[in-house]
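S.K.: So the protein sequences, as listed, match chains A and B.
Using the working numbering, the first residue of the first sequence is number 1490, and each one after it goes up by one.
Using the working numbering, the first residue of the second sequence is number 10, and each one after it goes up by one.
Before we start, here is the structure in question, set down as structure tokens.
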Amino acid sequence: MMTQIVFYVMAASAVVCALACILQRNPVAAAMWLVGTMFSLAGIYVLLNAQFIGAIQILVYAGAIMVLFLFVIMLLNLGHNASDLRRWPAFGLAVGVSTALLTTLAGLRFYTPARLAAEVAGASASQDPARVLAGGTAAQSAMDSLGVVGAIADPLFRTYLVPFEITSVLLLTAAVGAVVIAKRRI
Amino acid sequence: MLLGPALILSAILFSIGVVGVVIRRNAIILFMCIELMLNAVNLSFVALAQFHGLSGQVMVFFVMTVAAAEAAVGLAIILAVFRHRQSVDLQNINLLRG
Chain A
1490 MMTQIVFYVM
1500 AASAVVCALA
1510 CILQRNPVAA
1520 AMWLVGTMFS
1530 LAGIYVLLNA
1540 QFIGAIQILV
1550 YAGAIMVLFL
1560 FVIMLLNLGH
1570 NASDLRRWPA
1580 FGLAVGVSTA
1590 LLTTLAGLRF
1600 YTPARLAAEV
1610 AGASASQDPA
1620 RVLAGGTAAQ
1630 SAMDSLGVVG
1640 AIADPLFRTY
1650 LVPFEITSVL
1660 LLTAAVGAVV
1670 IAKRRI
Chain B
10 MLLGPALILS
20 AILFSIGVVG
30 VVIRRNAIIL
40 FMCIELMLNA
50 VNLSFVALAQ
60 FHGLSGQVMV
70 FFVMTVAAAE
80 AAVGLAIILA
90 VFRHRQSVDL
100 QNINLLRG
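See below:
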């Protein structure tokens, strides 16, 4: 019960901060509202048995990526409050797209762990490495046996070792590319 | 069991991100909306990882890495465009328009 109350408070805060982020004129204020959304999402991750992901969310997203955004905003001196909203056709498009998305995804609210397990068991696709437990305790049981960090480290360094190593190449490429693009006169 | 509400919250946040991309012209705010959409997808990954085992949480790691790389390169591109045009307003960046 307490979990539900905290979840809905965090969810409301995330939605309000996200709305304020897209409606705020000042880019610095928009970035701060987005940080609020990320903090709320970090709280929700903790409720969903992903404590380590919650910590990483605050460290990497709210800490590193948003500081990069703020740094660029300050560097370009974008603190002016001129409105940059598009004209009304864009608003009609926005209402249409978001209504279509939400009506399509509204069916997700009926999803329960039992239905998820039934659907995955009925599918012919390979279920490895995903393992569905109808009781909804996959994350909880893995954490009980391996610990909060160990439960993530186990699949990360066994099943997903090669993608993890490729990630380092991606980050190196991004760092070199960012330096080259930002340095040279184009 | 917060599976349904978490998925709905993820859908709402993703829609807000899409609306932001459509109605704003500031390139940096567009990037923030893209980060918002990536966060929404991360939320659905984490919600489903409760039942599917922890592969979903590992996938959130990779999404965060790609988001960091994308933010670094994208902001560098915005810097280069700003040097060229003295603006990050997408209406002024119309070199490809016929």
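Note that beta-carbon positions come from the ideal geometry of N, C-alpha and C, so glycine has one too.
Note that this is a predicted model, so its numbers are computed, not measured.
1. Cutting at 7 angstroms between CB atoms, please list the residues of its own chain near F1496(A), excluding the five before and the five after it.
2. Using the three-state DSSP reduction, which class does N35(B) fall into: helix, strand or coil?
3. Examine chain B for any beta-carbon lying closer than 8 angstroms to the beta-carbon of I1547(A), and answer yes or no.
4. Alpha carbon to alpha carbon, how far is Y1550(A) from A76(B)?
5. Quick one: does V46(B) have its CB under 8 angstroms from some CB of chain A?
6. Does the stretch 1559 to 1576 of chain A come close enough to the stretch 1648 to 1660 of chain A to have 3 or more Cβ pairs within less than 8 angstroms?
7. Per the DSSP calculation, L1574(A) is bridged to which residue(s)?
8. Which stretch, first to last residue, makes up the alpha helix (DSSP H) that contains L1565(A)?
9. Spell out whether any CB of chain A is found under 8 angstroms from the CB atom of N103(B).
10. Whose C-beta lies closer than 7 angstroms to the C-beta of V55(B) among residues of the same chain, with five residues either side of it excluded?
11. Are A1507(A) and T1526(A) touching if we call contact CB-CB under 8 angstroms?
12. From the beta carbon of V72(B), is the nearest beta carbon of chain A less than 8 angstroms away?
13. Does the Cβ-Cβ distance between R1514(A) and S1587(A) come in under 8 angstroms?
M.R.: In brief:
1. Here residue 1496(A) refers to the residue found at position 7 when the first sequence is read from its first residue. The residues are I1533 and L1536.
2. What you label residue 35(B) is simply residue 26 of the second sequence in a count that begins at 1. In the structure shown, N35(B) sits in a strand (DSSP, three-state: E or B).
3. By one-based count along the first sequence, residue 1547(A) stands at place 58. By this cut-off, I1547(A) is not an interface position.
4. Mapped onto the first sequence, residue 1550(A) falls at position 61. Mapped onto the second sequence, residue 76(B) falls at position 67. C-alpha separation (whole angstroms): 9 angstroms.
5. Taking the first residue of the second sequence as position 1, residue 46(B) is located at position 37. Position check: residue 46(B) holds Met in this sequence, whereas Val was assumed. It does not: the Cβ of M46(B) has no partner Cβ on chain A nearer than 8 angstroms.
6. No contact exists between the stretch 1559 to 1576 of chain A and the stretch 1648 to 1660 of chain A.
7. The count along the first sequence starts at 1 and reaches residue 1574(A) at position 85. In the DSSP assignment, L1574(A) forms a beta bridge with R33(B).
8. Taking the first residue of the first sequence as position 1, residue 1565(A) is located at position 76. It spans M1555 to L1565 - the alpha helix (DSSP H) in which L1565(A) sits, taken as one unbroken run.
9. Residue numbering aside, residue 103(B) sits at position 94 when the second sequence is read from its first letter. Not closer than 8 angstroms to any Cβ of chain A, the Cβ of N103(B) fails to qualify, so no.
10. Here residue 55(B) is taken as the residue at index 46 of the second sequence, counted from 1. Only G65, Q66 and V69 meet the Cβ criterion.
11. To locate residue 1507(A), count along the first sequence from 1; it is residue 18. To locate residue 1526(A), count along the first sequence from 1; it is residue 37. Their beta carbons are under 8 angstroms apart, which means A1507(A) touches T1526(A) by this criterion.
12. Taking the second sequence and counting its residues from 1, the one referred to as residue 72(B) is at position 63. Among the CB atoms of chain A, none fall inside 8 angstroms of the CB of V72(B).
13. Residue 1514(A) sits at position 25 when you count from the first residue of the first sequence. Residue 1587(A) sits at position 98 when you count from the first residue of the first sequence. Not a contact, by the Cβ cut-off of 8 angstroms.
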